[in-house]
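Residue numbers are given in this note's numbering: position 526 of the sequence shown equals residue 541, and the series is strictly consecutive. Every residue gets a Cβ at the ideal spot worked out from N, C-alpha and C, and that includes glycine. This report refers to the structure that appears directly beneath it.
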Amino acid sequence: MSPLMACCVSKHAGKMHALPGGPWKGRLVGALLFVCFIAQDAAAARASDSALSFEVETVAGDLEQNPITSVVQTRDGYLWLGTYTGLMRYDGVRVRVFDSANTPGLLNSRVTSLYETPAGTLWIGHETGELTKFTAGDFQPAGRLADWPGGAVEAITADETGDLWLMNDTGFLLRMRDGRIVEPPGGGSASRKVSLSREPGGKLWIAANGKVAALRGGELAAFAFDEFGGTNFFERVVPGRDGGLLVMGNGHLRKWVAGRWVTDFGYCPCESGFVTELLETRSGNVLAGTIRDGLYVLAPGTEPLHFSRTNGLSHDWVRSMCEDQEGNIWVGTGGGLNALRPSKVQMLNPPDGWQGRAVLSFSVGEAGDAWVGSEGAGLYHFELNHWTCFTETSGLNNLFIWSVLRTTGGELFVGTWGGGLMVSKGERFESPGELSQVTAPVVALCEGRKGGLWIGTTAGLHHYQGGKLTWFAGKETLSSPDVRTIAETSDGAVWFGMLGGGLGWLKDGALKQFRKQDGLSSDFILALCPEADGDLWIGTSDNGLCRLRQGRFTTISTGQGLPASIVSQIVDDGEGNLWLGSHRGILRVSKADLNRCADGQVKSVRCLSYGQAEGLASQKCSGGFQPGVCRTADGRLWFPTARGLAIVDPRKSATNTVPPPVVIEELLAEGQPLRLPVTCAGAERQREVQIPAGRQRFELHYTGLSFTAPDKVRFKYKLEGLEDEWFDAGTKRVAQYSYLPPGPYTFRVMACNNDDVWNESGAALSFTVLPHFWQTWWFKAVAPVTAGAVVAAALMLAARRRLHRRLEQMERQQALERERARIARDIHDDLGASLTRITLLSQTALGELDDKESAANDVHQIYATARELTRAMDEIVWAVNPRHDTLDSLVAYLGRFAQRFLSPAGIRCRLDLPLHPPSWPITAEMRHNAFLAFKEALNNIVKHAQATEVRISLEMTTNRLLLVVADNGRGFVLEPQNGPLAPAPDEARSNGGNGLLNMRKRLEEIGGSCSWQTAPGEGTRVRLLVALNSKSLKHNGNGK
């Protein structure tokens, strides 16, 4: 084997990720160490397969400087980390921290050991000697064991019977059964143990005081190995991954299988401290963690790799190790968490690291040596594990080497930015003969199939053969002739791509140029790759990949699933794939997928992407220079990048076939988390979650547990009950919905890993958004009937109201007609009679003008009649004015009227009326009829009673009004047969038969009554009684 050929240490700052659920501020790829041990064939002196190649990634955040005491990947896919600040659950992107403050079931935040049982229970050991178990989504304290001797719980495992075995920090071993400490078999608790491990079947192995014991038949029995390199002292015994035992004695590691030694891993060159952890990986390597000397990777027949704080490990004390389901190795140290991943990409760099400059062009010889051109650092030569750098002192015009080609004949051509094309002459570089005529920057070189050299410059295309320039096409025949890539096909045609000039074709002297208007996807071409069947693949600087088939161009770019729009290199791996250099790393895509997409059979292509997680020091491949990619005789692919030469072996680029487990972590309604049923990842949760009515904003947090490249995990989801199609969520790990209608829903999510392997079963969660009562089925069933009844009732009520309004309107009309009739009657009775009398008296006076006395008498009667007419008009005006429809107005008017009416007759009037009667509203009909009855009573007194005094009194209660009119006149005799209310016949006749009857009739119309008391010589007492009710009072809105 060869010694170390190249070692490059690079640091990489990655993207920050939000970490909800814990105090982590972000996820940072803190240090990237890429160590390549390249095997060398001494005879061939060429670079070949690597023996061991890993990259170390430090997970930063709050875990920095935080000791990781234990690392376990549970069956659901999560990575659990024990720390002194709590138990942490990691999904590759986000960390959730469980501690005694936010998790009631966790007794202590200082976690020292973790173990998952075959049944899926996670046991958690604490520094204080307490135990906690995590099962079915709940933390349950097991408490401090009664017989625990003290100290931290350093190790936990279980035997085939299910008993737990615990070891404290002083090495004492105890067994726990049914929550109680029982005496270990063989008095094991009395000895100090330094190693406790379990085979997959449950068999326990213990190393103590250099001896090895196994638990057999419930008893601990000593186990003896054959001669082990002259020692019988064993400090570590760990079961191998696929059976057997890893046994370390005095620093020498071997594997014991079926009673014999089968593998010798050699010595672990631990300089200080002893080995604390051993882990056999799927690849067959063994990792040895030490207490003060970091980590060693051991493989049979290979020098160990050593990782320490000086070259990327977070701390030199390795406390725990774990290999996950995808083969990533997690190392918990005294200063944080590291991930070791087998590198898929090797980086080849000189000791000076290209002086920080990019690699632009290179040419690899059959012997494995390489000539490499850089952007400003000169020309490098790699041969026999030795690097040589050529600069101006070797004759180079400048240090910007844009194209390098070693022909099959052994000539080395070098194209520079400002000095044209040069040829190697020993240790010197010259531009002999006609090559000196090439003055433009040379950016592309291609050896012709029949000899000769095609030279691409920023000014056009040359052909050079036999020391002469035999052909040239420049701006006279080409538009934008900046030639960046050249390819010759088996039919003798030469294709060349230009930066801004599109695609050129030359055959038998015929020259043609294809531009974007001809169907080309872009005029800026960086790479060409012809196929044996005549197809041509074209890489562009702004629109991905283009295929030319039978004269037709087809574009495949980011819209068709290609991760990058810049394709700077294209190479066929001979296995049916194209490998593309891009500004987003190195891509692999199946030619069959590309052709199906170009033919319209599928809408997108699937790509394998290599980036920094796979070992690339920089994701940016250099482009626009040729030669810029190659496949060597051993099948490896070489790419130039901004930070060195990248080498990929397609035969070892194993696809990550592990579909990521998918877990729905949280369902939030209005920002508040709801408790979810606990199931295994990928299974549908059986118990349905019910969300109270009225919630409008919903969030579902989910994750995909792939640790190889967690930032490349992609998701699709849909909400059954609302959506029929899957939604491509990309790398987003939350789904948001608003205003979901009440009803049942099932949220489904699936994920794919970095190699586009999908977990199509994914995970599912059923939940129901509960309705408000008016959204329930029974309400919807009853609501139409209820609504119909309400509408019918409303219609009936409206009809009744309309009828009531109609009746009120008719009553008002009738009242108006009665009022009009009354007014007409009053005018006829009072005004008509008085006017008639005035007319007769006037005619009489005209006939008696000669008789002055008779004429004067007539005029006097006319005057008296006019006075009566004026009083009648005053009564009519008062009666029809609605302002007087109040009780106090009626009382006041009755008093005034009585005085005016009785005074001309010489009758004294004594009033006993309330000084401030209430202003109750009364109807016009009540006011008018009461007044006329009162007037009739006074008129009878003036005409018939021969009285000298009249007393008028008014008594009021809440429900009646009593008006009494009493005189001191002559009275009259009541006839018994007519009852006490009947008038004397002569009285009735003297009043025209209507006086007393009119009084009674008017009061009865308003719900009242009329009565009187009289006797000859004793005067008359008339009682006018009016009931205060709906017939006499108006409603004024106050209940009166």
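CB contact flag (residue i, residue j, <9 Å)
{"i": "Leu-1039", "j": "Leu-977", "result": "yes"}
{"i": "Val-582", "j": "Ser-597", "result": "yes"}
{"i": "Tyr-732", "j": "Phe-713", "result": "no"}
{"i": "Leu-785", "j": "Gln-705", "result": "yes"}
{"i": "Gly-435", "j": "Val-453", "result": "yes"}
{"i": "Leu-563", "j": "Leu-541", "result": "no"}
{"i": "Gly-482", "j": "Glu-449", "result": "yes"}
{"i": "Ser-115", "j": "Leu-121", "result": "yes"}
{"i": "Val-74", "j": "Ala-354", "result": "yes"}
{"i": "Ile-853", "j": "Ile-877", "result": "yes"}
{"i": "Ala-148", "j": "Leu-137", "result": "Reading off the sequence, residue 148 comes out as Lys, not Ala. The answer is yes: Cβ separation under 9 Å."}
{"i": "Thr-783", "j": "Glu-703", "result": "yes"}
{"i": "Phe-722", "j": "Gly-107", "result": "yes"}
Which listed residue (the options) has its alpha carbon closest to that of residue i
{"i": "Glu-503", "options": "Gln-565, Gly-467, Leu-535", "result": "Gly-467"}
{"i": "Thr-485", "options": "Val-663, Asp-114, Gly-463", "result": "Gly-463"}
{"i": "Asp-384", "options": "Val-374, Tyr-395, Leu-375, Glu-390", "result": "Tyr-395"}
{"i": "Thr-143", "options": "Phe-154, Ser-124, Arg-1015", "result": "Ser-124"}
{"i": "Gly-475", "options": "Gly-481, Gly-489, Trp-469", "result": "Gly-489"}
{"i": "Glu-426", "options": "Lys-635, Val-379, Ser-439", "result": "Ser-439"}
{"i": "Pro-688", "options": "Asn-768, Trp-741, His-716", "result": "His-716"}
{"i": "Pro-156", "options": "Pro-674, Ile-601, Glu-145", "result": "Glu-145"}
{"i": "Thr-656", "options": "Gln-828, Asp-614, Arg-307, Gly-600", "result": "Gly-600"}
{"i": "Asn-183", "options": "Gly-216, His-141, Asp-193", "result": "His-141"}
{"i": "Asn-983", "options": "Gln-829, Gln-1028, Ala-392", "result": "Gln-1028"}
{"i": "Glu-738", "options": "Val-764, Lys-727, Ala-724", "result": "Val-764"}
{"i": "Ile-967", "options": "Phe-912, Arg-975, Gly-921", "result": "Phe-912"}
Span of the beta strand (DSSP E) around residue i
{"i": "Gly-309", "result": "Where Gly-309 is concerned, there is no enclosing beta strand (DSSP E), given that its DSSP letter is neither H nor E."}
{"i": "Ala-607", "result": "Note, Ala-607: premise wrong, no beta strand (DSSP E); alpha helix (DSSP H) at 606-613."}
{"i": "His-401", "result": "401-405"}
{"i": "Asn-774", "result": "773-784"}
{"i": "Trp-789", "result": "It is not in any beta strand (DSSP E) - Trp-789 carries neither H nor E in the DSSP assignment."}
{"i": "Asn-353", "result": "351-357"}
{"i": "Ile-196", "result": "195-197"}
{"i": "Cys-337", "result": "333-338"}
{"i": "Gln-528", "result": "525-529"}
{"i": "Ile-221", "result": "219-223"}
{"i": "Leu-478", "result": "The amino acid occupying residue 478 in the given sequence is His; Leu does not appear at that position. Element bounds for His-478: 475-480."}
{"i": "Trp-520", "result": "517-522"}
DSSP bridge partner residues for residue i (one or two, in chain order)
{"i": "Phe-444", "result": "Ser-439"}
{"i": "Asn-183", "result": "Val-168"}
{"i": "Gln-641", "result": "Ala-459"}
{"i": "Glu-964", "result": "Arg-923"}
{"i": "Tyr-99", "result": "In the DSSP output, where bridge partners are listed per residue, Tyr-99 has none listed."}
{"i": "Arg-192", "result": "Arg-195"}
{"i": "Pro-156", "result": "Thr-147"}
Bounding residues of the alpha helix (DSSP H) (the contiguous stretch that carries residue i)
{"i": "His-396", "result": "No alpha helix (DSSP H) holds His-396; the beta strand (DSSP E) holding it covers 394-398."}
{"i": "Asn-944", "result": "939-955"}
{"i": "Ile-1020", "result": "According to the sequence displayed, residue 1020 carries Glu and not Ile. Segment 1010-1020, the alpha helix (DSSP H) holding Glu-1020."}
{"i": "Gly-910", "result": "902-917"}
Would the region 928-935 and the region 880-889 be scored as touching if the rule is three or more Cβ pairs under 8 Å? no
Mind the definition here: the region 169-185 touches the region 122-139 only if three or more C-beta pairs lie below 8 Å; say whether that holds. yes
Is the region 742-754 touching the region 769-779 in the sense that three or more CB pairs, one from each, lie closer than 8 Å? no
At a cut of 8 Å, does the region 440-459 reach the region 635-642 through at least three beta carbon pairs? yes
Three or more C-beta pairs closer than 8 Å, one from the region 609-620 and one from the region 680-694: is that the case here? no
Would you call the region 85-98 and the region 335-342 in contact, with 3 or more CB pairs under 8 Å? yes
Quick one: any contact between the region 316-332 and the region 342-353, if contact means 3 or more CB pairs under 8 Å? yes
With three or more beta-carbon pairs closer than 8 Å as the criterion, would you say the region 533-540 touches the region 567-574? yes
Would the region 260-270 count as touching the region 285-293 if we require 3 or more Cβ pairs under 8 Å? yes
Can we say the region 541-554 touches the region 497-511, given the rule of at least three CB pairs closer than 8 Å? yes
Touch test, the region 251-261 against the region 216-225, Cβ-Cβ under 8 Å, three pairs minimum: yes
Does the region 79-91 come into contact with the region 364-381, if we say contact requires no fewer than three beta-carbon pairs (one atom in each stretch) closer than 8 Å? no
Hey, is the region 938-947 in contact with the region 1009-1020, meaning 3+ C-beta pairs nearer than 8 Å? yes
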